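Working notes for the structure below.
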Amino acid sequence: MRPPTFSSASSVAEQFAPGDPQRFDGGYYNRFYGADGAHDAHRIGHLATAVHGMAAWWGVNISTVLDVGAGMGMWRDWYREQHPEVRVRSTDVSPHACATWGHELRDIATWRPRTRFDLVVCHSVLQYISDGALPKAVANLVAATGTVLYLEVPTERDMREVIDPARTDLQVYLRSGDHYRTLLSKHLQQAGAGVWVRPEVVPLYELEGA
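The following block contains the structure:
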């Protein structure tokens, strides 16, 4: 396990460990989200459309969504605009994000919801969770997933070959893709494009799965 990688640009966030909630302040969101960051509402709209559409293709009626690490609330806002009948519960570990965008203050490494959701979204969260807390965080995500999980998390290989370092937070814990697959595949099947499903609910054709 290599140590956390630090961005070359200095910021207040870099005074804290990768997953410290104090890191995720207004400066963090201004830097990594919106027009200049890796994610904005337009791009998230395309992603949410794709994930929701794939669920519909499999015959899954999404009526409840849990957004873990909701940040600026882009998934929640897309559902409010496109599918207002869907109940979305949004959480974040950042006091700033919760106060600014109206989420519940929750840490998926220590919190497990009492009910399952048709869709769980965990978008760019797990790379901030320490090695010791990661298995519990993944177990809590799996427990919350009734049918579909959308997961995005950069791996060691992504950091070398894929990410744009100018638009991505590099102060994270780096792990292999196989490490995450080992934790997830005990209960979920990888369908590709960041989507995981409960195989007993969504039986995939052989070439649909990863």
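Reminder that position 188 of the sequence shown reads as 188 in my numbering, one-by-one numbering, no gaps.
Cβ coordinates follow ideal geometry from the N, Cα and C atoms, glycine included.
Keep in mind the model is a prediction, meaning the values are calculated, not measured.
Selected residue, minimal CA-CA separation from residue 197, among 55, 207, 154 | If you compare the alpha carbons of 55, 207, 154 with that of residue 197, the shortest gap goes to 55.
Could you check how far apart the C-beta atoms of residue 247 and residue 68 are, in whole angstroms? I think they sit under 8 Å.
-> The structure shown does not extend to residue 247, since the chain is modelled only from 1 to 210, so the question has no answer here.
Could you please give me the residues that DSSP links to residue 189 through a beta bridge?
-> Bridge partners of residue 189: 197.
Same chain, Cβ closer than 6 Å to residue 88, five either side skipped, listed in chain order = When the five nearest sequence neighbours on each side are left out, the beta carbons in the same chain lying within less than 6 Å of the beta carbon of residue 88 are those of 65, 76, 79, in order along the chain.
Assigned exposure category for residue 126 - 16 Cβ within 10 Å defines buried = Looking at its Cβ environment, which holds 16 or more other Cβ atoms inside 10 Å, residue 126 is buried.
Do residue 86 and residue 148 have their C-beta atoms within less than 8 Å of each other?
-> No, the Cβ-Cβ distance between residue 86 and residue 148 is not below 8 Å.
Touching by the beta-carbon criterion (3+ pairs, under 8 Å), the region 131-150 and the region 198-210 = Taking 8 Å as the limit for Cβ pairs, the verdict is that the region 198-210 does touch the region 131-150.
For residue 202, which residues from the same chain have a beta carbon less than 6 Å from its beta carbon, with the 5 sequence-adjacent residues on both sides left out?
-> Taking C-beta separations shorter than 6 Å and ignoring five residues to either side along the sequence, the partners of residue 202 in its chain run 58, following chain order.
Flag this pair as touching only if the region 152-171 and the region 108-116 have three or more C-beta atom pairs under 8 Å; answer yes or no.
-> With the rule of 3 Cβ pairs closer than 8 Å, the region 152-171 does not count as touching the region 108-116.
Residue range of the unbroken alpha helix (DSSP H) whose run includes residue 158 | Here the alpha helix (DSSP H) through residue 158 covers 156-161.
Helix, strand or coil: how does DSSP classify residue 174 here?
-> Looking at residue 174 - three-state DSSP - the assignment turns out to be coil, as it is neither helix nor strand.
In terms of DSSP beta bridges, what is residue 145 paired with?
-> The partner list for residue 145 (beta bridge, DSSP) reads 117.
CB residue 191 to CB residue 204, shorter than 8 Å?
-> Yes, they are a contact pair.
Reduced DSSP category for residue 60 - H, G, I as helix; E, B as strand; rest coil | Residue 60 falls in the coil class under three-state DSSP.
Rounded C-alpha distance that separates residue 179 from residue 108 = In this structure, the alpha-carbon of residue 179 lies about 18 Å from that of residue 108.
Per-residue burial, residue 43 [other beta carbons within 10 Å of its own, 16 or more giving buried] | Residue 43 comes out exposed.
From residue 24 to residue 99, what distance separates their C-alpha atoms?
-> One C-alpha to the other measures close to 12 Å.
Backbone CA spacing between residue 216 and residue 48 [nearest angstrom] = Residue 216 is absent from the structure shown; the chain starts at 1 and stops at 210.
What do you get for residue 46, buried or exposed, if any count of 16 or more other CB atoms within 10 angstroms of its CB means buried?
-> Exposed is the call here.
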